[in-house]
DNA sequence: GGCAAAGCATAGCAATGCTATGTATCGTGG
DNA sequence: CCACGATACATAGCATTGCTATGCTTTGCC
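Protein chains in written order, with full-length UniProt numbering: chain A, 1 to 205; chain B, 1 to 205.
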């Protein structure tokens, strides 16, 4: 009953936009379609305008973040894994700084909330694992501790990636997370070792 | 030897830009000077372009933040004062959300670092006061704890102001700061009371 | 008092996102 | 099988953006 739209065009434009974001080329309506053979109208057909492109980029960013967090293994030390989740979060933000800015700084849409929830859920699961392993007190609400860890990590990486703090300031993440996990009941010395282990591969770079 | 420029025009434009930012009107070259009688060229004479206007707005934001932090009194409970500094920081960000975004999300210039340093310095002083009062261990570096508190507060208010967290999530600031200050050596129960006292007037609103 | 340097006003430029209009193309109902 | 209608697509154009070029005006020093 009508001309069908080609899904390949949509993914092509999203991937191209992601590449341009990484290359720090300005993403404009015309520069996005330049050289691809598709016309400017395709952006309106498939995304409804440039806002739709940015929204798609945000979802792409959350997908990539979720994939990154999924690579964090579950070891015998759940607090270490929790710290590793935080480290993966920071590394993802530092590897895709402009995408990270697009995700949080630009207009955060309500439709993005679902994708952000996935991120949070992984943290909640990590806290629950640590609680089940007896590392945290029984009365700590996993969601609360997860939100607090998220806020701490997000603030740190924001101040480093697009703010005034130098990259070495990332090291503050260790005492930050340690303080949080200790406040949840973990043994201070043991917690410190766990967090440092989870952050081991982030700090040198 | 030349026509002198009128400083009043500069402050007029800055104040007008600040008003437009609060009113959420888009700040464009032409909308900024519309109705003021000054021509578009004045923006280039006094700011060198729109980038200069945004830079001036950032400095204005830091000035306002510093003024806000200066209103926090120094009581007999330095940990309470420290928490009150954090509360004032958050309240300032929530009262001027767009200005706050302009300060951190947009291109943070190296010239803004000085203004940001002032903010940090106030935190450092607060930590030093608490340390001198014996609330913190001797071996805590005031700068480190200040940076960590800053990151936690910044992350929390960012996720609330322009992110996915609801406003009630601000309450997480209390356990966050408490965890940090306890990790610095403060007594847990006493610290909790101090932080809650410092945040008292932030949480209801 | 005249001259040079700077402020200022107007007009115009390229680039932006978006829309209007016409054409091509596909899926479906008869 | 084919014609119709809906939708994708292409081109051109619009208003707006930041910025610059070009004169004109004003101001202050020799």
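Here a beta-carbon is modelled for each residue, glycine too, at the ideal position from N, C-alpha and C.
By the Cβ rule, the segment 152-171 of chain B counts as touching the segment 97-110 of chain B, because three or more pairs are nearer than 8 Å. Taking each of B:60, B:25, B:24 and B:13 in turn and checking the Cα distance to residue 40 of chain B, the smallest one comes out for B:13. For residue 196 of chain B, the closest C-alpha among the options B:183, B:176 and B:11 is that of B:176. For residue 162 of chain A, no alpha helix (DSSP H) encloses it, and the DSSP letter there is neither H nor E. Straight-line spacing of the CA atoms in residue 191 of chain A and residue 183 of chain B works out to 12 Å. Proximity of residue 144 of chain A to chain B, defined by a Cβ-Cβ separation below 8 Å, is satisfied. Residue 172 of chain A belongs to the set of residues whose beta carbon lies under 8 Å from a beta carbon in chain B.
Beta-carbon to beta-carbon, residue 124 of chain A and residue 143 of chain A are separated by about 6 Å, close enough to satisfy the 8 Å threshold. Just measuring C-alpha positions, the residue of B:86, B:163 and B:42 sitting nearest residue 194 of chain B is B:86. Where residue 200 of chain B is concerned, there is no enclosing alpha helix (DSSP H), because DSSP gives it neither an H nor an E. With the criterion set as a beta carbon lying under 7 Å from some beta carbon of chain B, the members of the segment 119-148 of chain A are 144, 147 and 148, in sequence order. A straight line joining the alpha-carbon of residue 180 of chain B with that of residue 141 of chain B spans about 13 Å. Among the residues of chain A, none has a CB under 7 Å from the CB of residue 4 of chain B; the nearest is roughly 35 Å distant.
Contact of residue 179 of chain B with chain A is assigned, a C-beta pair being separated by under 8 Å. In terms of beta-carbon proximity, residue 152 of chain B lines the interface with chain A, with at least one pair separated by less than 8 Å. Note on geometry: alpha-carbon atoms of residue 173 of chain B and residue 154 of chain B lie some 10 Å from one another. Of the candidates B:56, B:130, B:66 and B:150, the residue whose Cα lies closest to the Cα of residue 185 of chain B is B:130.
Membership of residue 180 of chain B in the alpha helix (DSSP H) is indicated by the continuous run 173-183. Between residue 97 of chain A and residue 162 of chain A, the C-beta spacing is below 8 Å.
Assigned with DSSP and collapsed to three states, residue 14 of chain B falls in helix.
In this structure, the CA atom of residue 24 of chain A is about 28 Å from the CA atom of residue 30 of chain B. Within chain A, the residues placing a beta-carbon under 9 Å from that of residue 104 of chain B are 105, 158, 159, 162, 163 and 164, ordered along the chain. Per DSSP, reduced to three states, the secondary structure at residue 136 of chain A is coil, with no helix or strand assignment. About 5 Å separates the beta carbon of residue 118 of chain A from that of residue 66 of chain A, a gap short enough to meet the 8 Å contact definition.
Between residue 165 of chain A and residue 146 of chain A, the CB-CB gap reaches or exceeds 8 Å. DSSP places residue 39 of chain B outside both helix and strand once states are collapsed to three, so it counts as coil. Chain-order list of chain B residues neighbouring residue 101 of chain A: 105, by C-beta distance under 8 Å.
The beta carbon of residue 60 of chain B is closer than 7 Å to those of 14 and 18 in its chain, skipping five residues each way along the sequence.
Put simply, the backbone Cα of residue 48 of chain B is about 12 Å away from that of residue 10 of chain B.
Residue contact with chain B for residue 90 of chain A: absent (no Cβ-Cβ distance below 8 Å to any residue of chain B). Scanning B:84, B:115 and B:109 for the CA closest to the CA of residue 178 of chain B turns up B:84. Within the segment 181-194 of chain B, 181, 182, 183, 184 and 188 place their CB atoms closer than 9 Å to a CB of chain A, listed in sequence order. Close to residue 176 of chain B, with beta-carbon spacing below 8 Å, are these residues of chain A in chain order: 148, 151, 152 and 180. If you draw a straight line from the Cα of residue 149 of chain A to the Cα of residue 43 of chain B, it comes to about 43 Å. With a threshold of 8 Å between beta carbons, residue 47 of chain A makes no contact with chain B.
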